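Numbered by full-length UniProt numbering, the letters in the sequence shown go through residues 1 to 340 in order.
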Amino acid sequence: PGWTPAAERPGACSGGSTWVAPLPARNRPEGKVLETVGVFEAPKQHGKYETGQLFLHSVFGYRGIVLFPWQARLYDRDVASPVTEKSENAAGHGSKEVKGKTHTYYQVLIDARDCPHISQRSQTEAVTFLANHDDSRALYAIPGLDYVSHEDILPYSSTDQVPIQHELFERFLMYDQTKVPPFVARDTLCAWQEKNHPWLELSDVHRETTENIRVTVIPFYMGMREAQNSHVYWWRYCIRLENLDSEVVQLRERHWRIFSLSGTLETVRGRGVVGREPVLSKEQPAFQYSSHVSLQASSGHMWGTFRFERPDGSHFDVRIPPFSLESNKDEKTPPSGLHW
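Now the structure itself:
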């Protein structure tokens, strides 16, 4: 939502800028368009942000706060060595040997006031889990949770004791003016993280760029269910599409290939994604969504392409980097997001 760094004001940290946000029209006094959000801080080049760090998302522009970090393995096919080509694998597609590198992502809360502004570009109910009851297809979503890469964090500070509006903010965090940042984890946040890490944990991130469209995929194992005397394994996957060029393009079709350890190979074609055909432009270069897949095997692979359309009507295909679907075979019960 159009964040603007205002001129530096008295009392601001040295070198910092005061960040301001648009006021809703009904709350906007005549002649006033912006309200102060906080004071911008220098992004961290090294190390990681702490629990309680306020930030603006550099791509989607929402206000948020860091709950805790995840250490992920980033498999970036754009930097894969050309001498490590492998022959086609069992799933029937060629691939490069890609070495993963450690990368920090954060579990964050999204400010509820910003959700309406980003809903066309990023799902705000993308974090889902399996319910603990007999309906094997029941999925529940927690609104206003997101995963944010370290480089997407624009940190800021605020004197507001409740700077983020989210139903879990005061349940998870408390204000402590002696700390930096001054928001510290409550015991409920630590207990929630420990209890629910199986379906929250982000471990692998896959990235590939085709014709200046970068696709990032993060798969999550959600658990196993028994259905009709067989086991059904569930995953969700979060996908971010980014246009690194100035040319406007529109996503028109998806084409998935899903290989299961049981030996099946499924092809899925369809218009758009999650019922949308997003436009990626210089002003709004990214779109992020989540979806789900289930297999009757404990592991598998997915890969495919997105078909985009240019302004002149021509089309081109963008590769979705292959990613594995792995399960936790030691798991005895489905993870739950409702228990503390």
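Backbone N, C-alpha and C define an ideal beta-carbon position, used for all residues, glycine too. In this text the structure is predicted, and so the values were computed from the model without any measurement.
Burial state of Arg240, where buried means 16 or more other Cβ atoms lie within 10 Å: Flag for Arg240 reads buried.
Gly64 versus Ser119 - alpha carbon distance: Spanning the alpha carbons of Gly64 and Ser119 requires a straight line of approximately 15 Å.
Which listed residue (Thr104, Gln296 and Trp70) has its alpha carbon closest to that of Glu194: Comparing Cα positions, the closest option is Trp70.
As assigned by DSSP and simplified to three states, the class of Glu253: The answer is strand: DSSP assigns Glu253 an E or B state.
Pair within 9 Å by beta-carbon distance, Tyr49 and Ile164: Contact: no.
N- and C-terminal bounds of the beta strand (DSSP E) containing Arg188: A small correction: the amino acid at residue 188 is Thr; Arg does not occupy that position in the sequence shown. Thr188 -> not in any beta strand (DSSP E); alpha helix (DSSP H) instead, spanning Asp187 to Leu200.
Beta-carbon spacing of Thr104, Ser58 below 9 Å: No, these two residues do not count as a Cβ contact at 9 Å.
Contact under 9 Å by Cβ, Glu253 with Arg307: Yes; because the gap between Cβ atoms is below 9 Å, this pair is in contact.
Supposed contact pair Pro278 and Glu242 - C-beta distance, whole angstroms, cut 8 Å: Under the criterion of beta carbons closer than 8 Å, Glu242 and Pro278 do not qualify as touching, at roughly 11 Å.
N- and C-terminal bounds of the beta strand (DSSP E) containing Pro155: Element bounds for Pro155: Ile153 to Ser157.
Beta-carbon contacts of Val127 that lie in its chain and below 6 Å, excluding the five residues immediately before and after: The answer, listed in chain order, is Ile142 and Leu145.
Contact belief for Arg73 with Thr102 at Cβ below 8 Å, rounded distance in angstroms: So it is a contact: roughly 7 Å between Cβ atoms.
Sequence-distant residues of the same chain with beta carbon closer than 8 Å to residue 341, five excluded per side: One cannot answer for residue 341 here, as it falls past the ends of the chain, which runs 1 to 340.
Where Phe68 falls: helix, strand or coil (DSSP): In this structure, Phe68 counts as strand in the three-state DSSP scheme.
Contact check, Leu130 vs Trp192, beta carbons under 9 Å: If you check the CB distance, Leu130 and Trp192 do not come in under 9 Å.
Residue range of the unbroken alpha helix (DSSP H) whose run includes Glu170: Per DSSP, the unbroken alpha helix (DSSP H) holding Glu170 starts and ends at Phe169 to Phe172.
For Ile118, the three-state DSSP class (helix, strand or coil): Residue state, collapsed to three classes: helix.
Residues that DSSP places opposite Gln288 in a beta bridge: Paired residue(s): Ser122 and Arg240.
Cβ neighbours of Leu23 in the same chain (closer than 6 Å, five flanking residues each side left out): Residue placement at Leu23 is poorly supported in this model, since its pLDDT is 49, which falls under 50; the coordinates still yield a value, given next. Within the same chain, Leu23 has close Cβ partners Glu35.
Pairwise C-alpha distance: Arg225 and Val98: Roughly 32 Å separates the two Cα atoms.
Span separating the alpha-carbon of Gly300 from that of Leu202: Cα-Cα distance, rounded: 18 Å.
Segment contact, 8 Å Cβ cut-off, at least three pairs: the stretch 226 to 234 with the stretch 267 to 274: Short answer: they don't touch.
Nearest-angstrom Cα separation, counted from Val249 out to Leu280: Near 5 Å, if we compare the C-alpha coordinates of Val249 and Leu280.
Ser291 beta carbon less than 9 Å from that of Glu326: In this structure, Ser291 does not lie closer than 9 Å to Glu326 by Cβ.
Ile110 vs Tyr62 beta-carbon contact at 9 Å: The Cβ atoms of Ile110 and Tyr62 sit closer than 9 Å to each other.
C-alpha gap between Phe259 and Val180, whole angstroms: Rounded to the nearest angstrom, the two C-alpha atoms are 47 Å apart.
His46, DSSP secondary structure in three states: When secondary structure is reduced to three states using DSSP, His46 falls in the coil class, being assigned neither helix nor strand.
Helix, strand or coil at Asp78 [DSSP, three-state]: Correct three-state label for Asp78: helix.
Between the CA atoms of Val274 and Ile218 - distance to the nearest angstrom: Taking the straight line from one Cα to the other gives about 16 Å.
Opening and closing residue of the beta strand (DSSP E) in which Val98 lies: Looking at the DSSP string, Val98 is not in any beta strand (DSSP E), and its letter there is neither H nor E.
Start and end residues, beta strand (DSSP E) containing Tyr62: From DSSP, Tyr62 is part of no beta strand (DSSP E); its letter is neither H nor E.
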